Amino acid sequence: MNFWHPIEKSKISLPIESVEKLPAQSDQSVLSLNVVINTYVSSRAEIVFDLNFKKDQNFAEILHQALDDRKIKLETKDFGGGMGEFITSIDGATNTKDKWWQYWINGKYAKIGISNYLPKDKDRVSLKLIEYQNSYED
């Protein structure tokens, strides 16, 4: 099922992609997550989807699977230790010296790698390829 999602006036509207829902389980071990990816440089411009995941999955695992299912290439680099895995490219939109992938969890700038983030039920995650800025607002 496709829905149309408006993007800024200067952007085109693209269909929201949805994934198959996992069967509901009575132990509530299946949680849901909303993900918005803004590339502004690829043919997709904005990718929006909701998905289900298991309680102990980190965001790197969830994102790799979701994008792989959609045939969207995700590249990451693991910095190890407490930093973890960071996004270097999504759908051909790649980090440069002036812009890089950053993400926000429920409107707050994430200061940890995607492999260190354990999403909670109903979290909203925004990923953006943006130029360096001093403000970290969603």
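Residue numbers (my numbering): 9 to 146.
Built from N, CA and C at the ideal position, the CB exists for glycine as well.
The model shown is predicted, which means the values in this text are computed figures rather than measured ones.
{"Asked": "Other residues of its chain near Thr47: CB distance less than 7 Å, five sequence neighbours each side excluded", "Found": "Ala53, Ile98, Asp99, Ala101 and Leu137"}
{"Asked": "Integer Cβ distance of Phe94 from Ile122, believed to fall under 8 Å", "Found": "7 Å"}
{"Asked": "Supposed close pair Lys62, Ser37 - CB separation, criterion 8 Å", "Found": "6 Å"}
{"Asked": "Nearest to Trp109 (by Cα), restricted to the options Leu59, Arg132, Lys85 and Asn42", "Found": "Lys85"}
{"Asked": "Range covered by the alpha helix (DSSP H) that runs through Gln110", "Found": "Run containing Gln110: none in the alpha helix (DSSP H); it sits in the beta strand (DSSP E), Lys107 to Ile113."}
{"Asked": "CB contact flag (Tyr125, Phe67, <8 Å)", "Found": "yes"}
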